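*Asks:*
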Amino acid sequence: MRWCLIDGVGTILDEAVHALRTWQHDAAPVQLHPGDLGWFWRFGADTMAAAVRTWSRDGRIVAVGLLDEPGLLRLTVAPDLRRDDELARQLAGDLTRPERGFLPAGEVFLETPPGALVRDLLRGDGWHDGDAWTPLVRDLAEAVPDQGLRIEVTGPKGAHVRAAVQRAAFDGSTFTAEQWRDMASAPPYADARCLVGHDQDTPVGAVTVWSAGPGRPGLLEPMGVHRDHRGRGHGRAITLAAAAALRELGSSCGFVCTPSTNTAAVATYRSAGFRPLPARLDLRRAA
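In full-length UniProt numbering, the protein residues as written are 1 to 287.
#1: Could you work out which residue in A45, R60, W180 is closest to T22 when comparing CA atoms only?
#2: Can you tell which of Q179, R285, G250 has the C-alpha that lies nearest to the C-alpha of R42?
#3: Between the C-alpha atoms of R100 and A78, what's the straight-line distance to the nearest angstrom?
#4: Which word fits H128, buried or exposed, when buried means at least 16 other C-beta atoms lie within 10 angstroms of its C-beta?
#5: Is the separation between the beta-carbon of G254 and that of V225 shorter than 9 Å?
#6: In the structure shown, what three-state DSSP assignment does E15 receive?
#7: Can you give me the Cβ contacts of V144 inside the same chain, cut-off strictly under 7 Å, excluding the 5 residues immediately before and after it?
#8: Looking at R150: is its Cβ nearer than 9 Å to the Cβ of D26?
#9: Measuring CA to CA, which of P104, D125, L81 is closest to P114?
#10: I need the straight-line Cα distance from F274 to V30, nearest angstrom please.
#11: In the DSSP output, what is F109 paired with across the bridge?
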């Protein structure tokens, strides 16, 4: 077994994105998506590389993790190896020992797909259930109805508008046009689109959608409505626009995952035809 903290952007990071693409299947649990790496890429290539962890066996990447926040690792495993004992023990050992560099000391959280053996091992080694998340999925076999907003696909000239809506939709967001350009120049964005919804001439909502290739699930990350224009159905409209865009990109379905406590977001996605799946719990290791 070979593990890796990526040092610089190059072949291993490209391979990690490719692996995540191939692991997306309708029948598989909602998991880390290449779009998650793509959205994180807004912080720049060096920060992106420092946040990715990979595990390989016999020259094949078998697990990928993204340190999405200083104390939150989002980890997924190749679908055919979720119950593999050797891999699960390697992962558990790396994640339990801060000196190995995969997770910091103190309180940390781990997201990993349900059914992965590493979850069982960690529960027996000082980890406990943490926060609840609600995955939601919409099948894209049928055409998506018109959403009622004028939709623009963001390009370099419109990056400042996309960034402004993001900051107005999420408290504490520092998203900038320069960050958009960093994200849009990264490999995952080749199969992505940023959409801005306008009510007449006013930008009121935005979303980024990420395809993993034709016939595979696509991701909405993030979606937000300008704080001055909420309560008018714009969240449903921009979510429908996102679903339509993913369908045009060839995605089999669209999915999103939001904290279960965010009942307003869950309601918005449901109103746009997204079906909630059973809530899933991350794992927490106390300080």
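Heads up, the beta-carbon is just placed ideally off N, CA and C, and yes, glycines get one too. A quick note: this is a predicted structure, and the numbers were derived from the prediction, not measured.
*Replies:* The answer reads as follows:
#1: Minimum Cα distance to T22 is reached at R60.
#2: The shortest Cα separation from R42 among Q179, R285, G250 belongs to Q179.
#3: Between R100 and A78, the C-alpha separation is close to 22 Å.
#4: Looking at its Cβ environment, which holds fewer than 16 other Cβ atoms inside 10 Å, H128 is exposed.
#5: Cβ atoms of G254 and V225: not closer than 9 Å.
#6: Three-state result, E15: helix.
#7: Annotation for V144: L240, A243, A244, R247 place their beta carbon closer than 7 Å to its own, counting only its chain and skipping 5 residues before and after.
#8: In this structure, D26 does not lie closer than 9 Å to R150 by Cβ.
#9: With distances taken between Cα atoms, P114 lies closest to L81.
#10: Straight-line Cα distance between these residues: approximately 14 Å.
#11: DSSP, once it has assigned bridges, lists L72, R284 as partnering F109.
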